[in-house]
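Top to bottom, those sequences are chains A and B. Numbering (this note's numbering) for the first sequence: 10 to 780. Numbering (this note's numbering) for the second sequence: 10 to 780. Note that the Cβ used here is the ideal one computed from N, Cα and C, for glycine as well. Keep in mind the model is a prediction, meaning the values are calculated, not measured. Accompanying notes for the structure given below.
Number of protein chains: 2
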Amino acid sequence: MKNYLVHDEWKIIEDNFHPTFNKISESVFSIGNGRMGQRANFEEDFTGECLQGSYVAGVYYPDKTKVGWWKIGYPEYFAKVLNAANWIGIRVAFDGEILDLAKCELESFQRVLDMKRGVLERSFVAKMVSGRKVKVESSRFCSLADDEIGAIRYSITPLDFSTVLAVTPYIDADVKNEDSNYDEKFWDEVYTEVGRQDGFVIAETKKTAFQVCTGMKFKLVKNEEDLYFDTHPVKEEKKVSCTVDVDMEEGETLTVFKYAANISTLNSPADQLLADCKTATDRAFEQGFEALLAAQEQAWAHKWEEADIRIEGDVAAQQGIRFNIFQLYQTYTGADERLNIGPKGFTGEKYGGSTYWDTEAYCLPFYLSTAPSEVARNLLIYRYKQLDKAIENAAKLGFKDGAALYPMVTMTGEECHNEWEITFEEIHRNGAIAYAIYDYIRYTGDQEYMETYGLEVLIAIARFWAQRVHFSKQKNQYVMHGVTGPNEYENNVNNNWYTNYIARWCLQYTLENIAAIKKKTPDAYEALCERIKFYEYTETGEWKKIVENIYLGEDQELGVFVQHEGFLDKDLLKVTDLDPAERPINQHWSWDRILRSVFIKQADVLQGLYFFEDDFDESTIRANFDFYEPRTVHESSLSPCVHVILAAYLGMEEKAYEMYLRTARLDLDDYNNDTEDGCHITSMAGTWMAVVKGFGGVRIKEDQLFLRPFIPKKWAAYSFKIQFRGSVVEVKVDQSQVEVVNLSAIDLQVQLFDKKVPLNSGSTIVEKMNQ
Amino acid sequence: MKNYLVHDEWKIIEDNFHPTFNKISESVFSIGNGRMGQRANFEEDFTGECLQGSYVAGVYYPDKTKVGWWKIGYPEYFAKVLNAANWIGIRVAFDGEILDLAKCELESFQRVLDMKRGVLERSFVAKMVSGRKVKVESSRFCSLADDEIGAIRYSITPLDFSTVLAVTPYIDADVKNEDSNYDEKFWDEVYTEVGRQDGFVIAETKKTAFQVCTGMKFKLVKNEEDLYFDTHPVKEEKKVSCTVDVDMEEGETLTVFKYAANISTLNSPADQLLADCKTATDRAFEQGFEALLAAQEQAWAHKWEEADIRIEGDVAAQQGIRFNIFQLYQTYTGADERLNIGPKGFTGEKYGGSTYWDTEAYCLPFYLSTAPSEVARNLLIYRYKQLDKAIENAAKLGFKDGAALYPMVTMTGEECHNEWEITFEEIHRNGAIAYAIYDYIRYTGDQEYMETYGLEVLIAIARFWAQRVHFSKQKNQYVMHGVTGPNEYENNVNNNWYTNYIARWCLQYTLENIAAIKKKTPDAYEALCERIKFYEYTETGEWKKIVENIYLGEDQELGVFVQHEGFLDKDLLKVTDLDPAERPINQHWSWDRILRSVFIKQADVLQGLYFFEDDFDESTIRANFDFYEPRTVHESSLSPCVHVILAAYLGMEEKAYEMYLRTARLDLDDYNNDTEDGCHITSMAGTWMAVVKGFGGVRIKEDQLFLRPFIPKKWAAYSFKIQFRGSVVEVKVDQSQVEVVNLSAIDLQVQLFDKKVPLNSGSTIVEKMNQ
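And the structure:
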């Protein structure tokens, strides 16, 4: 755990340079706009600890699988998020002395991520090896308003000397991924071009043959006056640069305005890349930095208007939640149904892939509530379009007749992961895909989605489950062997309660929807059956039997559901029995020891109780929470949020707040010692859920918003907005009352503390707290 | 399955060249002498399919571990059997046209492995691209009598042309391993020297810094007269060669006699390597090919005298069993306690390591019965000397207080394997180490071994088991979670019956021996306790509790032991239910499908019944055999032999013979399509066991030999010898009678078909069969 960042409501601030934490800061101060993004690397040269990272959404590399012992079914490759061309680079040299903070003494240094405006700023005064002092101020952003564009303002002032200042703005695609399996570079050069004040590199990814044109156009201003300059343009392998020599007197300031653009073959034909990139850099250049910045501020103001959560009386908590919301919207804006939410977003290259079940289980509710429903719908369409690949994935494992297994990790729908206990066995992910359809429709009321897309996915998933269970003569029940539940600290177990439960639910939900759609649009239904060769009578007959008679472990004495067969046979220690020096256990224990232990990585039975809360009475949920939570080490960033929601539901306010603290500032405080690899983007949505579903107690019941808020003792007040079926509702909670305001033109009825109350357009209801 | 080799009682014969099977032939025709060995590569150049392999016992390379996802406890490296200097090479060129069978038309070709004499022979008439015909005859061996030496006789006759024949004997250490993880070469050059008729290369292994000096000395004979010749000696990187040009008339024959030696720093100090290698090549050169060959024949005659099994009336079976015995003695002679029995011996580089539990479970009985007891004892001492490493291995996994876990795969005692379900979980191997001590002492009567070495190993193993189990409050018994049994088609299971049983047996056997030794040599016992900090009272108290109350799954209704918890919950198909096109399942099914299926790779419960036969009545063994064998796919080469022994015990003669056929010619017929990687050396000992323990029914009971032979219907007769406590007994079985002959000077009593009969020195007893 680190504590070097200044607490502030809207800004992330690093005062004084922390070189040993630089890779952490690079992750935390990352900027992006959904289409491109980058770590907070420095514009000028830096030879210290650094992970160079600049990313273009949807552009990936299929890195050949690395595995010790091959098993049939493993994928050939792992789709890696690609480190793409560096477009921020500006080399700075004074009479040949290159500015490099790793070699300077710093008199002052400040790095600021202004989340309100979406701008990364940095300023410093450095004493170089020669003893000369220089001041630099920089400001940059990835434009949310014009997502092909990035802009930099970079000012240099020699404080106590006159000099020939050489500035070299450049574009460099000769970059590599640090986690390349076979130590290769992933880009080939296609084209380079460089002019007096612009330059372009087109590079192509190996194997996947994506092309990206990265371009720049820049101007120089000296002491606030435009400078006319000559350049020395240089082309190198996958790199272009323009060096300009400027005579500078002591105290004078040179400002570089560098405008950059990334255009990929995802959005432009290959033969148009260069032209489109020039159009973009020209457009940015013409508008200029101030105009672009004004548009950026406005775009972010709009996002905050929709998605902000305000917390009063706890600056650290306020900063934490805003940081999470900010990073989520930098990663995924919902504008493109081909994109998804990578686990590290644009903040690092680790894990690769872009899509995990995190999207459906954790991120979807955030986008459902804070953005127009098209955004969440695009996340669903993404999976719909990958259904064929999911059917192929299942076929590779021996499933047939259109059964689908969605991948654990993917970019295009093909499975990328290669650990048998995950790839082949952590199949509960299939349930989350189905649950997301349910969640989306329940939230938006968009029944048409089911007819057009949803049912086809559900049938394919149901087919998978029906083949994946088998009938045990010994138990006289359907069982499911050889799975890994959400708690990955157990592998290859039988009858994982969560997996069996969600499998049963999938079958039941599919059956219900088949019945409904058959009735509503019989012709469309018939056409679907024909197309996917669905023999309703035969198949659903088996499904019904499974629904009625699948094994779900329960211990009567303890009054709990059994995580999987044999779990209660373990030494039933609690987390409090652990030596703190051995935590986190995944950094101290061998894998077999973790597997044999009782300790749980993240919610498993409790994940089911969270998803299907309405199926259980409060005492059942309490008994399971009391049994499982004390055995949970929360070593997944996705763990605490579910526990906040359940603890809040159970009125365990202190527990809920304790869990909340573990998730809200995970990356800001580098809680797990791994933020240097990038931020935990998907778990950030969990933090949002913890506030809205946990503290706010927001649910959807009977097609209405339901609220049962509580407020942590430490907070003076908090508020959030949610979008619901076209309306916008603001919820403000303080220690004495809750105020619910309908900001929209739509009349609503809401349930507040179990009471149904009308909430007409523009009206406000107020209730006392502690109900 | 292939069928291109000629059936012969003493020889393996390939008539006509089979280039697509060449890598299989290279494996099958391998030669070795326990200290060095090699695949049957050609002496002359060959650009066709080929796996070059020449190996020096005990010289290995620790190849950096390759793994997809690292887990705590994985080893840093995997010890690879090293492909070492090629010492057989003789380049042959006629007026510059290089002889290369890949580019020739073959008029005739024969490759013969003469197992009786330990000689590899080859002869061919080839038409080269130029249309000229040449005849070659070669003969070579690795001397069993002088194990530093190899010798080659290589004759070349241009049949229909006169020519300048250039022959180039060479030594080439610039070789690589095909299965290198990171595609590096493992050898560096230390020194090269080349003279008129000799040459030497000293190469050093990276990381391990073994040095090996490989040398040659050669002479030439033309038309049976020694030839005086000039050479062009050449030194290259890690290579030396001598080219000799000889004028040859049509029909004349040039014979190259090439003598080679390998001397490693395992046996000579580094500064002596060259001198020792020269001494060896000089010695061989002086003796000459015929004398060396005579010694070779004599040494092999002695081995066969001890270890041969004769089968009459079934040439294929006779060839199969002799091939297995021959390869075992080529691999391990027992002369050096630092060496062990690699899974591929000197026939390939795959798997690496030298030692698996195969040694104790399968190979030990072979060496116990066919060689002086020192040989088996050396196999035990090997493990004794690695006890410290076994304790370190266990400590890496969190075990303490001197608990030992012997590695799954090793060279030096350190674990090399890196699959968590094997490395951390296939811990039954520890039981086999203890069982080998028991087996050795029961066979040899060498009680002193227990006092000097055995008990220390047993205590360390017992300590491991005591920590590996835990007490289940639910079951009120000790349980063992998270293991992989001998059947590797199940991973991470709880309460594997075999593992729990052998763990209990280890504890019990250790307790008994503590009691005995404490009584017999109290001072030595006290000293041991002191040295290993063994607190008998505390530790054995816990052990006794475990012995009395460990969970051993049993199904009353089926009357069988339960392989592991949940096994009977499976879909209990039989192998006959499988689609033959999907076999072997490990080449057709994804790993999860294999895991979920009922199908068993190799004996698991039955392995226990084989080891502990006397603990169970026949009906129990029969019930378990009848339940498990029909569900066993025998996809491990170690599987059929145990089933032969049990089937024979149960009087299931046809089943026993059917199983025997699967093991005896496994490599000769390339049953599993993998002989090209090398032969299955350790499973060959299983074949020997199948005959002696299976058909011969040999056991040790009450310190006496026990025999209950049967004879397969297809065989006219078979016979074998066994050494037992200084005596040698020959057993001859035909369809009507069994004859047991005491060939030694020691009087014995034996049990034949349950009758105790005296068998004095030199005497013979005869009994009718079908008892």
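Asked                                                                                                                                                                              : Found
What residues from the stretch 71-98 of chain B come within 8 Å of chain A, judged by C-beta to C-beta, listed N to C?                                                             : 74, 75, 76, 77, 78, 80, 81, 82
In this structure, what does DSSP give as the bridge partners for residue 151(B)?                                                                                                  : 159(B)
Please say whether residue 688(B) and residue 37(B) have beta carbons closer to each other than 8 Å?                                                                               : yes
If residue 228(A) sits next to residue 235(A), beta carbons under 8 Å apart, how far is it from one beta carbon to the other, in whole angstroms?                                  : 7 Å
Kindly indicate which residue of 265(A), 740(A), 246(A) has the alpha-carbon position closest to the one of residue 254(A).                                                        : 265(A)
Considering only their Cβ atoms, is the gap separating residue 316(B) from residue 334(B) smaller than 8 Å?                                                                        : yes
With distances taken from CA atoms, which of 272(A), 209(A), 260(A), 205(A) is nearest residue 232(A)?                                                                             : 260(A)
What residue range is occupied by the uninterrupted alpha helix (DSSP H) comprising residue 325(A)?                                                                                : 324-340
Given a threshold of 16 other Cβ atoms within 10 Å of its Cβ, counted over all protein chains shown, does residue 278(B) qualify as buried or as exposed?                          : exposed
Would you verify that the beta carbon of residue 490(A) is, or is not, closer than 8 Å to some beta carbon of chain B?                                                             : yes
May I ask you to report which of helix, strand or coil DSSP gives residue 727(B)?                                                                                                  : strand
Closest by CA to residue 746(B), which one among 733(B), 754(B), 302(B), 726(B)?                                                                                                   : 726(B)
Compute the Euclidean distance between the alpha carbons of residue 567(A) and residue 659(A), then round it to the nearest angstrom.                                              : 18 Å
With 8 Å as the threshold, decide whether the Cβ of residue 758(B) is near any Cβ in chain A.                                                                                      : no
Residue range of the beta strand (DSSP E) that residue 71(A) falls in?                                                                                                             : 69-73
Should residue 203(A) go down as buried or exposed, given a rule of 16 or more other Cβ atoms within 10 Å for buried?                                                              : buried
Output the distance between the C-alpha atoms of residue 458(A) and residue 346(A), rounded to the nearest integer angstrom.                                                       : 15 Å
Given a limit of 8 Å on CB to CB distance, which residues of the stretch 459-491 of chain A reach chain B?                                                                         : 479, 480, 481, 482, 483, 484, 488, 490, 491
Considering only their Cβ atoms, is the gap separating residue 610(B) from residue 439(B) smaller than 8 Å?                                                                        : no
Within the same chain, show all residues whose beta-carbon is closer than 6 Å to that of residue 119(A), passing over the 5 residues directly before and after it, in chain order. : 24, 132
Are the beta-carbon atoms of residue 63(B) and residue 88(B) separated by less than 8 Å?                                                                                           : no
So the beta strand (DSSP E) residue 129(B) belongs to, where does it begin and stop?                                                                                               : 128-136
Does the distance from the C-beta atom of residue 267(B) to that of residue 161(B) stay below 8 Å?                                                                                 : yes
Any contact between the stretch 665-676 of chain B and the stretch 411-418 of chain B? By contact I mean 3 or more CB pairs, one from each, below 8 Å.                             : no
In or out: residue 599(B) buried (at least 16 other Cβ within 10 Å) or exposed?                                                                                                    : buried
Please list the residues of the stretch 595-606 of chain B that have a C-beta atom closer than 7 Å to any C-beta atom in chain C, keeping them in chain order.                     : Reference to chain C is not applicable here, since the protein chains of this structure are A and B.
Name the chain B residues whose beta carbon is nearer than 7 Å to that of residue 574(A)?                                                                                          : 575
Answer with yes or no whether the minimum CB distance from residue 367(B) to chain A is below 8 Å.                                                                                 : no
Can you tell me whether DSSP reads residue 207(A) as helix, strand or coil?                                                                                                        : strand
Would you say residue 408(A) and residue 476(A) are within 8 Å of each other, going by their C-beta atoms?                                                                         : yes
Within this structure, are the beta carbons of residue 378(B) and residue 766(B) separated by less than 8 Å?                                                                       : no
Would you say residue 608(B) lies against chain A (beta-carbon separation less than 8 Å)?                                                                                          : no
If we require 4 or more residues per run, which alpha helix (DSSP H) segments fall completely within the stretch 334-412 of chain A?                                               : 373-379, 382-394, 396-405
Is it right to say residue 807(A) is buried, meaning 16 or more other beta carbons lie within 10 angstroms of its own, or is it exposed?                                           : No answer is possible for residue 807(A): it lies beyond the span of chain A, which begins at 10 and ends at 780.
When the cut-off is 8 Å and only beta carbons count, does residue 115(B) lie next to chain A?                                                                                      : no
Can you find a CB in chain B that lies within less than 8 Å of the CB of residue 568(A)?                                                                                           : no
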